[in-house]
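Asker: Numbering (the numbering used here), first residue to last: 122 to 348. Structure incoming, see below.
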C-alpha cells in the first residue's frame with residue numbers, strides 16, 4: 122500500500138469518469154500555464170474510455186498536449202483491441218493535437234523492438250505531468266502483472282506470457298509510471314473488490330509498485346469498494 126494514497130469514492134463509474142475528465146483538464150491548464158506543455162500518459166479500459174469521450178468535446182489548447190501510453194498489446198497498428206485505437210476513436214481523432222505529439226507504442230514490432238523504440242520517447246518526456254492508470258482483477262496495472270519480474274531500472278518492458286490475451290505486450294515500467302507530477306488510478310466495478318481489499322491490506326500487487334513523489338490518487342466507485 123502506498124504511504125501517500127488519497128481515496129475518492131463516487132457512486133457510479135460515470136461519476137469516476139467525470140471527475141477524471143475534470144481533473145485532466147485542470148492539470149492540463151496548470152501544466153500549460155507553468156511549463157508550456159502538458160504530458161499525459163493514457164490507460165486502457167472502460168472507465169478511461171468514458172473520460173476520453175468527454176475530452177473529445179473539451180475546450181483547451183490542444184497544440185500544447187503531448188500524449189503517451191502506459192502499455193500496448195502486440196497487435197497490428199490498426200487492430201480494434203489496441204489501446205491506441207480505443208483512444209483515437211473515443212477522443213484523439215476528434216481534437217487537433219498535432220500528430221507528432223501523440224506517441225503511440227510501436228507494439229506491432231513485437232515486445233523487444235517495441236519496448237526498445239518507445240524507451241527513448243519516454244526518456245525524453247520524463248517527468249510526466251499526469252499518469253492515468255487502471256487496475257485489473259488480479260491487481261495488475263498497465264501490463265505489469267503479478268509474478269512477472271522485470272529490470273527495475275528499465276523505462277519500458279517487453280512483456281510475455283500475459284495472463285490476459287494477447288500474451289505479448291509492451292509496458293511502461295513502474296519506474297517510468299512513477300516519474301510524474303500527478304497520478305490517478307481509475308477503479309470501477311464489483312470485480313475489483315477483492316484486489317482493492319488486498320491493495321488496502323498491503324499485498325504485493327503491481328498497483329502497489331507505483332510510487333510517485335506525489336500523492337497517489339484513487340478514484341473508485343462504490344461497486345469496487347470491499348464490503
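Glycine residues also receive a C-beta, built at the ideal position from the N, C-alpha and C atoms. Predicted model, so just to flag it, every value in this text is computed and none were measured.
Quick check on DSSP: helix, strand or coil for residue 331?
Answerer: Looking up residue 331 in the chain shown gives position 210. Three-state result, residue 331: coil.
Asker: By the DSSP assignment, the beta strand (DSSP E) with residue 338 in it spans what residues?
Answerer: In the chain shown, counting from the first residue as 1, residue 338 sits at position 217. According to the DSSP assignment, residue 338 belongs to the beta strand (DSSP E) that extends over 337-342.
Asker: Which residues in the same chain have their Cβ closer than 6 Å to the Cβ of residue 183, if we skip the five residues on either side of it in sequence?
Answerer: The count along the chain shown starts at 1 and reaches residue 183 at position 62. For residue 183, where only same-chain residues beyond five positions count, the Cβ hits under 6 Å are 216, 217 and 218.
Asker: Please list the terminal residues of the continuous beta strand (DSSP E) segment that includes residue 252.
Answerer: Indexing the chain shown from 1 puts residue 252 at position 131. Residues 251-254.
Asker: Less than 8 Å separating the beta-carbons of residue 129 and residue 140?
Answerer: Stepping through the chain shown from its first residue, residue 129 is reached at position 8. Stepping through the chain shown from its first residue, residue 140 is reached at position 19. Yes, the pair counts as a contact, with Cβ atoms nearer than the cut-off.
Asker: Between which residues of its own chain and residue 275 is the CB-CB distance below 6 Å, once the five residues before and five after are set aside?
Answerer: Here residue 275 is taken as the residue at index 154 of the chain shown, counted from 1. Cβ neighbours of residue 275 beyond the five flanking positions: 294.
Asker: Please state whether the Cβ-Cβ distance between residue 250 and residue 181 is less than 8 Å.
Answerer: Here residue 250 refers to the residue found at position 129 when the chain shown is read from its first residue. Here residue 181 refers to the residue found at position 60 when the chain shown is read from its first residue. For residue 250 and residue 181, no; Cβs fall outside 8 Å.
Asker: In three-state DSSP terms, what is residue 158?
Answerer: The count along the chain shown starts at 1 and reaches residue 158 at position 37. Residue 158 falls in the coil class under three-state DSSP.
Asker: Alpha helix (DSSP H) containing residue 239: first to last residue?
Answerer: Walking along the chain shown from the start, residue 239 turns up at place 118. Where residue 239 is concerned, the enclosing alpha helix (DSSP H) stretches over 232-246.
Asker: Check whether the Cβ atoms of residue 193 and residue 231 sit closer than 8 Å, and answer yes or no.
Answerer: As a first step, residue 193 is located in the chain shown; it is residue number 72 there, counting from the start. As a first step, residue 231 is located in the chain shown; it is residue number 110 there, counting from the start. Taking 8 Å as the Cβ cut-off, residue 193 and residue 231 do not qualify as a contacting pair.
Asker: Can you tell me which residues form a DSSP beta bridge with residue 306?
Answerer: For the purposes of this step, residue 306 is taken as the residue at position 185 of the chain shown. Answer by DSSP bridge pairing, in chain order: 254 and 339.
Asker: By how many angstroms is the C-alpha of residue 202 removed from the C-alpha of residue 168?
Answerer: Sequence index remark: in the chain shown, residue 168 carries index 47 (1-based). Sequence index remark: in the chain shown, residue 202 carries index 81 (1-based). Counting only the Cα atoms, residue 202 lies some 15 Å from residue 168.
Asker: Near residue 206, which residues of its chain fall below 7 Å by C-beta distance, leaving aside the five closest residues on each side in sequence?
Answerer: In the chain shown, residue 206 corresponds to position 85, counting from 1. Cβ neighbours of residue 206 beyond the five flanking positions: 199 and 200.
Asker: Using only CA atoms, which one of 256, 261 and 291 lies nearest to residue 310?
Answerer: In the chain shown, the residue the question calls residue 310 occupies position 189. Comparing Cα-Cα distances from residue 310 to each of 256, 261 and 291, the minimum goes to 256.
Asker: Ends of the beta strand (DSSP E) at residue 281?
Answerer: Your numbering for residue 281 matches position 160 in the chain shown. From DSSP, residue 281 is part of no beta strand (DSSP E); its letter is neither H nor E.
Asker: Who pairs with residue 192 in a beta bridge, going by DSSP?
Answerer: Counting from one through the chain shown, the residue named residue 192 turns up at place 71. Looking at the DSSP assignment, residue 192 forms a beta bridge with 292.
Asker: As a quick exercise: from 144, 240, 298 and 324, pick the residue whose alpha carbon is nearest that of residue 334.
Answerer: If you number the chain shown from 1, residue 334 lands on position 213. Of 144, 240, 298 and 324, the residue nearest in Cα terms is 298.
Asker: Per the contact definition of three or more C-beta pairs closer than 8 Å, is the region 330-347 in contact with the region 311-320?
Answerer: yes
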